[in-house]
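Residue numbers (the numbering used here), protein chains in the order written: chain R, 47 to 222; chain C, 662 to 943. A quick write-up on the structure given underneath.
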């Protein structure tokens with residue numbers, strides 16, 4: 047199922063801000079959940095990575111709230127920021143998590159999310175009728191493109207792990 | 662079911678996070694049950710029912726940990742007995758929304774007989790079974806829905822047994838709503854849970870929920886699931902044909918019956934424990 051399927055309708059500037067804000071809040075929640083999983087499974091490096099990602103998305107959310115000015119984005123996000131099918135663009139795939147995953151894996155997950163958000167806002171730019179919505183969506187496109195570039199830069203810092211990354215000297219084994 | 666009607670106010674009042682407890686899940690990262698937990702909280706938020714008016718009941722197994730991860734009322738009961746608990750609760754407190762969480766071992770093996778009779782009784786509860794076709798919590802033994810050739814140290818060459826078909830059993834036993842979901846689609850699953858909870862009578866929702874530790878092959882499920890190609894039916898004969906001939910990856914409502922839910926003839930005179938004790942005194 048495409049992640050853009052079931053996307054909420056953007057008719058007004060308030061809708062756009064509300065949905066943009068909800069996308070970031072959804073990402074914060076998802077990264078926090080992954081950080082908790084890694085904490086439970088004693089992978090402290092990944093706890094920090096996911097907490098950093100959650101913090102970054104939280105900063106984006108606050109920035110959107112600031113840009114929205116008098117619009118009550120938090121209340122509006124609750125009304126309009128729901129995906130009826132699939133998940134919101136930056137909710138990374140929980141099924142891709144592994145208890146021995148590395149920062150490279152987390153960044154790959156984040157990259158997919160940022161690219162989906164970029165595609166979502168690009169679609170709004172292409173289809174919006176209201177010029178104010180179109181203009182603001184174009185700004186979000188620029189921001190998401192910068193996030194994609196940022197993840198690519200981080201991926202140069204954290205190259206792909208060796209093929210033995212999931213090797214566990216004491217793995218969970220089926221009963222014998 | 663009037664109490665479950667949505668209003669603009671309830672939609673605004675409830676967020677999925679309002680239904681999460683502070684207890685951190687201990688499932689393996691990548692487990693489908695995380696998605697099911699999200700689907701639960703999203704469904705409850707969509708319904709707008711406050712946490713204190715929901716009871717999440719479970720038995721034993723990975724899936725049955727869910728009550729602890731919600732802040733609704735909950736009961737983590739005995740292996741396979743969640744439906745008996747839930748039936749008693751709903752009959753006594755019909756005002757509560759009662760949701761039962763189970764797995765394929767807990768629900769179809771240890772609790773198999775309760776399953777059949779819960780369908781037959783048609784009490785207004787929602788039964789959610791997270792099916793990963795393995796006993797995950799106890800290290801990977803074959804369950805009633807495991808494929809016959811699932812080869813492990815404890816079942817060399819596979820069990821050779823035909824898997825139990827829970828949807829067929831549910832239909833034959835009288836379940837009033839039968840659906841299948843995939844855990845990897847939490848919003849669609851949430852919407853299905855909303856439908857199941859709203860539907861009067863015994864609603865059975867099977868959620869394909871991959872076990873990434875003992876059944877890594879189930880990661881492919883996301884490529885195998887597909888929407889049911891036909892609309893829901895209220896005709897048991899059509900539903901039977903559909904369920905018996907599908908590939909096990911049809912996602913959607915497969916049967917929506919119109920049987921009246923069971924309700925006791927006499928409502929309890931009092932919920933005061935001391936009065937109840939007197940009533941049952943020998």
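Positions of the beta carbon are idealized from the N, C-alpha and C atoms, including for glycine.
When you compare only the Cα positions, how much space is there between residue 692 of chain C and residue 870 of chain C?
7 Å
Identify the residues that DSSP records as bridge partners of residue 193 of chain R: which are they?
According to DSSP, which records beta bridges pairwise, residue 193 of chain R is partnered with nothing at all.
Residue range of the alpha helix (DSSP H) that residue 63 of chain R falls in?
59 to 86
Between residue 179 of chain R and residue 59 of chain R, what straight-line distance do the alpha-carbon atoms span, to the nearest angstrom?
5 Å
For a test of the three-state rule: what should DSSP assign to residue 924 of chain C, helix, strand or coil?
coil
Residue-level contact to chain R via CB, residue 723 of chain C, 8 Å cutoff:
no
Which residues in the same chain as residue 161 of chain R place their Cβ atom closer than 7 Å to its Cβ, once the five residues preceding and following it in sequence are excluded?
194
Within the 8 Å Cβ cut-off, does residue 689 of chain C reach chain R?
yes
Assuming residue 721 of chain C and residue 792 of chain C make a contact with CB atoms under 8 Å, what is their CB distance in whole Å?
Rounded, the Cβ-Cβ distance is 16 Å, inconsistent with contact.
Anything in chain C within Cβ reach of residue 83 of chain R, meaning under 7 Å, just list it in chain order.
690
Would residue 709 of chain C count as contacting chain R if we go by Cβ distances under 8 Å?
no
Looking at chain C, is there any beta carbon in it that lies within less than 8 Å of the beta carbon of residue 208 of chain R?
no
Please decide whether residue 55 of chain R counts as near chain C, where near means a Cβ-Cβ distance under 8 Å.
no
Residue of R:146, R:219, R:217, R:197 minimising C-alpha distance to residue 89 of chain R:
R:146
Residue nearest to residue 106 of chain R in terms of C-alpha spacing, selected from R:172, R:69, R:203:
R:69
Excluding the 5 residues flanking residue 665 of chain C on each side, which residues of the same chain have their C-beta closer than 6 Å to its C-beta?
For residue 665 of chain C, the pLDDT reaches just 39, beneath the cut-off of 50, and the residue's location in the model is therefore unreliable, although a value from the coordinates is still provided. Taken in chain order, the residues that qualify are 708, 859.
Contact belief for residue 730 of chain C with residue 681 of chain C at Cβ below 8 Å, rounded distance in angstroms
7 Å
Taking the continuous alpha helix (DSSP H) assigned at residue 93 of chain R, which residues delimit it?
90 to 113
Between residue 843 of chain C and the rest of its own chain, which residues show a CB-CB distance below 6 Å, the 5 nearest in sequence each way excluded?
869, 886, 912
Beta carbons nearer than 9 Å to chain R: which residues of the region 831 to 857 of chain C have them?
844, 845, 846, 847, 848, 849, 852
So residue 836 of chain C is in the beta strand (DSSP E); what residue range does that whole segment cover?
Residue 836 of chain C -> no beta strand (DSSP E), and no H or E assigned at all.
Does the region 116 to 124 of chain R come close enough to the region 80 to 100 of chain R that 3 or more CB-CB pairs lie under 8 Å?
no
Residues in the region 783 to 802 of chain C having any Cβ partner in chain R nearer than 8 Å:
799, 800, 801, 802
Any idea what DSSP makes of residue 808 of chain C, helix, strand or coil?
coil
Chain-ordered neighbours of residue 129 of chain R on chain C, where CB pairs are closer than 8 Å:
848
For chain C, is any of its Cβ atoms less than 8 Å away from the one on residue 148 of chain R?
no
Within its chain, find whatever has a CB closer than 7 Å to the CB of residue 689 of chain C; leave out the 5 residues flanking it on each side and keep chain order.
873, 874
Opposing strand residues paired with residue 792 of chain C [DSSP bridges]
C:869
For residue 782 of chain C and residue 57 of chain R, what's the separation of their Cα atoms in angstroms?
48 Å
Counting only beta-carbon atoms, is residue 695 of chain C nearer than 8 Å to chain R?
yes
Step through the CB atoms of chain R and report whether any lies within less than 8 Å of the CB of residue 874 of chain C.
yes
Looking at chain C, is there any beta carbon in it that lies within less than 8 Å of the beta carbon of residue 145 of chain R?
yes
Is it a yes or a no for the region 812 to 820 of chain C touching the region 773 to 781 of chain C, going by three-plus beta-carbon pairs under 8 Å?
no
Nearest to residue 959 of chain C by CA position, among C:841, C:942, C:679, C:801, is which residue?
Residue 959 of chain C falls outside the range modelled here, since chain C spans only 662 to 943, and no answer is possible.
From the DSSP output, which residues share a beta bridge with residue 702 of chain C?
Partner(s): none; residue 702 of chain C has no beta bridge.
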